[in-house]
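Note sheet for the following structure.
Numbering (the working numbering), first residue to last: 4 to 147.
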């Protein structure tokens, strides 16, 4: 896995991304994806040594509280050698579901008004990005 994808998504739009990684039987090494809005907001989702890590230490305006910029991690076994990620992204949050909801994380982010860029990376792990979809979502409409 490796490369950069720059979708035509307007700032503040709502979208869903699905990505699937084939890892074979490898449980070591690291790989994942990075969401970047300009230079000021970078969110990284990494699978490393049996853990899924969501790093929001550089997720925009994080200086309002010393505890906010953090990398959260949770154990996740890849029993079938596959990592499936589903992300719902809006103007201030990311909902992350791994392997069909086996693991879920909700994170606040503060991106600026720059276009989104998505990049994929793999360290020493022999990983293949086998599927990728990105879909813009409409805002919910409520009738009074």
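All residues carry an ideal CB built from backbone N, CA and C; glycine is no exception.
Note that the coordinates shown come from a computational prediction; the quantities given were computed from them, not determined experimentally.
Identify the continuous beta strand (DSSP E) that holds residue 138 and give its terminal residues.
-> 131-140
Let me know if residue 117 comes out buried or exposed under the rule of 16 or more other beta-carbons within 10 Å of its beta-carbon.
-> exposed
What residues in its chain sit with their C-beta under 6 Å from that of residue 21, if we drop five residues either side in the sequence?
-> 89 and 136
DSSP puts residue 117 in a beta bridge; with which residues?
-> In the DSSP output, where bridge partners are listed per residue, residue 117 has none listed.
Those residues which DSSP pairs with residue 87 across a bridge | 23
If you count every other CB in all the chains shown that lies within 10 Å of the CB of residue 36, and 16 or more means buried, which is it?
-> buried
Going along the chain, which residues of its own chain have a beta-carbon closer than 7 Å to the beta-carbon of residue 18, five neighbours each way excluded?
-> Sequence-distant partners of residue 18 (beyond 5 residues in either direction) whose C-beta falls short of 7 Å from its own C-beta, in its chain, are 12, 92, 137, 138, 139 and 140.
Give the secondary structure of residue 95 by DSSP, where H, G and I count as helix, E and B as strand, and everything else as coil.
-> coil
Rounded to whole angstroms, what's the CA-CA distance from residue 145 to residue 111? Just pull it up for me.
-> Cα to Cα, residue 145 sits roughly 24 Å from residue 111.
Quick one: grab the DSSP three-state call for residue 78.
-> strand
Do you know whose CA, among 54, 65, 63 and 129, lies nearest residue 107's CA?
-> 54
Could you work out which residue in 67, 126, 98 and 129 is closest to residue 57 when comparing CA atoms only?
-> 98
Beta-bridge pairing of residue 100 - partner residues as DSSP gives them = 89 and 107
Among the residues of its own chain, which have a CB less than 6 Å from the CB of residue 49, if the five just before and after it don't count?
-> 33, 35 and 56
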